[in-house]
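Quick note on this note's numbering: the sequence shown kicks off at 860 and runs consecutively.
Even for Gly, the Cβ is constructed at its ideal location relative to N, Cα and C.
See structure below.
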Amino acid sequence: MSFNLRGAIMDNIQGSDEQKVEATIQDAIQSNEEKMLPGLGVMFEVYWQNASEQEKQQVVQQISQGLQK
């Protein structure tokens, strides 16, 4: 029996409005709990799949710059 974590997370966040998404992100960051990382990863995957090439490049640049600090 295998558990589909990605699917479970998608089921949990499906239909979330902007306020709920932002609250989820803020909570994950503020709680600093590793158990929140898969959810952020799935949310990032959703973003990436729906982003334009320009948006993707901007995110890559921002993350890269943030990792240099």
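Distance from the CA atom of Leu926 to the CA atom of Gln920, rounded to whole angstroms, is 10 Å.
Closest in alpha carbon position to Glu904, among Lys894, Phe862, Ser861 and Met869, is Met869. Ala887 is positioned such that its CB atom lies closer than 8 Å to that of Gly898.
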